[in-house]
Amino acid sequence: MKDEIESQAAELSINDLKLKGFKVYKINGDVSKIPSYNRRDYYKICINTSKSIIHYADRGIETDGTILFFGNPVIPYSWEIFSPDYHGYACVFTEDFLKAKDRSESLHESPLFKIGGSPIFSLSAKQKVFIDSLFVKMIEEQETDYVFKDDLIRNYINLILHESMKMQPSENFFKYKNASSRITSLFLELLERQFPVETKDQPLALKTPQDYAQSLSIHVNHLNRSVKEITGKSTTAHITERVIGEAKALLQHTDWSIADIGYSLGFEYPSYFNNYFKRLTGKIPKSLRV
Numbered sequence: 001m002k003d004e005i006e007s008q009a010a011e012l013s014i015n016d017l018k019l020k021g022f023k024v025y026k027i028n029g030d031v032s033k034i035p036s037y038n039r040r041d042y043y044k045i046c047i048n049t050s051k052s053i054i055h056y057a058d059r060g061i062e063t064d065g066t067i068l069f070f071g072n073p074v075i076p077y078s079w080e081i082f083s084p085d086y087h088g089y090a091c092v093f094t095e096d097f098l099k100a101k102d103r104s105e106s107l108h109e110s111p112l113f114k115i116g117g118s119p120i121f122s123l124s125a126k127q128k129v130f131i132d133s134l135f136v137k138m139i140e141e142q143e144t145d146y147v148f149k150d151d152l153i154r155n156y157i158n159l160i161l162h163e164s165m166k167m168q169p170s171e172n173f174f175k176y177k178n179a180s181s182r183i184t185s186l187f188l189e190l191l192e193r194q195f196p197v198e199t200k201d202q203p204l205a206l207k208t209p210q211d212y213a214q215s216l217s218i219h220v221n222h223l224n225r226s227v228k229e230i231t232g233k234s235t236t237a238h239i240t241e242r243v244i245g246e247a248k249a250l251l252q253h254t255d256w257s258i259a260d261i262g263y264s265l266g267f268e269y270p271s272y273f274n275n276y277f278k279r280l281t282g283k284i285p286k287s288l289r290v
């Protein structure tokens, strides 16, 4: 059997997930009922026993046995299953749910979820038993009426996160060389989180270096110096390249009007988008339409 999947949440209510911010469920090999999730909204932790290939960003990762997988909502992934039977557990949750009472660093800074990190851990039989038990506890707790069950589930998720970080030697974690490197990494991840554009009704929230600096709680001059030092390109150049790339994708792969595409990318008037696109590409947006 060979099935390519993006989420294995069988019989999972999307509305329930949006309301509560989390859902824990068992994977039983049935991929006939698999809803899709917006990768920009939900993190995922999955323990799975099978022979498979996980397509993650630009990598294909072969697995055979029990693995623990961490899905970042920024990075697209899919799963090809080659085993006739596979099983495990998964938990899908929002950052707001996990960080409800915690002001520590964002999840996308975690070694387990960050861009460029390794999202997969191979588990021993002993580790499998322990991680399985945590998922079973979450599933049991999820069905209770206990008023503090969300806190318990958050504790179980955090325990899985810490146990996983203990599995990976500390020297494999990414270490920032200096403050400029850290700021640049945060900026690039924040930039990537704005895409892909999935609705024509809501423009980009962050459009200028000032917007990104404010979101990162630093002065825009500090951001610009750091990005230029580390990448050799200006903050504006990075934003421009990403916006133009998204504009081309929307022009070629959607039926949105040019005015809608411009609006979704932060241009109030179609003429502003047309002029911007032509100045940077030498072509008018309409020329990319088949």
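Be aware that the sequence shown starts at 1, since it is given in full-length UniProt numbering, and climbs by one per residue. For glycine and all other residues, C-beta sits at the position ideal for the given N, C-alpha and C. For clarity, every value in this text was computed on a predicted model and none was experimentally measured.
Hey, could you find the ends of the alpha helix (DSSP H) V92 is sitting in?
-> Run containing V92: none in the alpha helix (DSSP H); it sits in the beta strand (DSSP E), H87 to F93.
Quick one: using the 10 Å Cβ neighbour count with 16 as the cut-off for buried, is G60 buried or exposed?
-> Residue environment analysis places G60 among the exposed positions, since fewer than 16 neighbouring C-beta atoms fall within 10 angstroms of its C-beta.
Cross-strand partners of N48 (DSSP beta bridge) = Residue pairing by DSSP puts N48 in a beta bridge opposite I67 and G88.
Mind listing, in chain order, the continuous alpha helix (DSSP H) runs of no fewer than 4 residues lying wholly within the UniProt domain "HTH araC/xylS-type" (181-290)?
-> 209-215, 220-231, 235-253, 258-264 and 270-281
Helix, strand or coil at V24 [DSSP, three-state] = strand
If you drop the 5 nearest sequence neighbours on each side, which residues of the same chain put their C-beta closer than 7 Å to that of Y263?
-> Correct list, in chain order: K200 and P203.
Bridge-paired residues (DSSP) for H55 = G60 and S78
Check S122 in the structure and name its three-state DSSP category.
-> strand
Under 7 Å between the Cβ atoms of K51 and F82?
-> yes
Going by Cα to Cα distance, which pick from K278, A205, T49 and L216 is closest to S122?
-> T49
Contact check, S180 vs S226, beta carbons under 7 Å = yes
Presumed contact (8 Å Cβ cut-off) between L216 and I183, rounded CB distance = 7 Å
Could you tell me which of Y269, K207 and I45 sits nearest to P119, measuring between CA atoms?
-> I45
C-alpha distance - Y269 paired with S124, whole-angstrom precision = 57 Å
Do the CB positions of V220 and P209 come within less than 7 Å of each other?
-> yes
Pairwise C-alpha distance: E246 and T231 | 21 Å
Reference S164; option with closest CA among V136, Y146, I131 and D96 = I131
Can you grab the Cα-Cα spacing for the pair I261 / Y42, in whole Å?
-> 25 Å
I258 to K114, Cα distance in whole Å?
-> 34 Å
If you follow the alpha helix (DSSP H) that D150 is part of, which residue opens it and which one closes it?
-> K149 to M167
Going straight from the alpha carbon of R39 to that of N72, what length do you get?
-> A caution first: R39 carries a pLDDT of 45, below 50, which makes its placement in the model unreliable, though a value can still be read off. Between R39 and N72, the C-alpha separation is close to 7 Å.
Excluding five sequence neighbours on each side, which residues of the same chain lie with their C-beta closer than 7 Å to the C-beta of T236?
-> P209
Closer than 6 Å by C-beta to N172: which residues in its own chain qualify, once you throw out the five before and the five after it? Chain order, please.
-> Because the pLDDT at N172 is just 42, under 50, the model does not fix this residue reliably, and the point stays unresolved.
Below 7 Å between beta carbons: does that hold for L251 and P285?
-> Yes; because the gap between Cβ atoms is below 7 Å, this pair is in contact.
Take the Cβ of F187 as the centre, count every other Cβ of all protein chains shown within 10 Å, and call the residue buried at 16 or more, exposed below.
-> Burial call: buried.
State the Cα-Cα distance for the pair H55 and F195, rounded to the nearest angstrom.
-> 19 Å
Is the Cβ-Cβ distance between I47 and E80 less than 7 Å?
-> The answer is no: Cβ separation not under 7 Å.
Skipping 5 residues on each side, what residues in its chain have a beta carbon closer than 8 Å to that of H222?
-> I183 and A213
Between the C-alpha atoms of F97 and D150, what's the straight-line distance to the nearest angstrom?
-> 8 Å
Return the Cβ separation of Y25 and A90 in integer angstroms, given the expectation that the two are a contact with Cβ distance under 8 Å.
-> 6 Å
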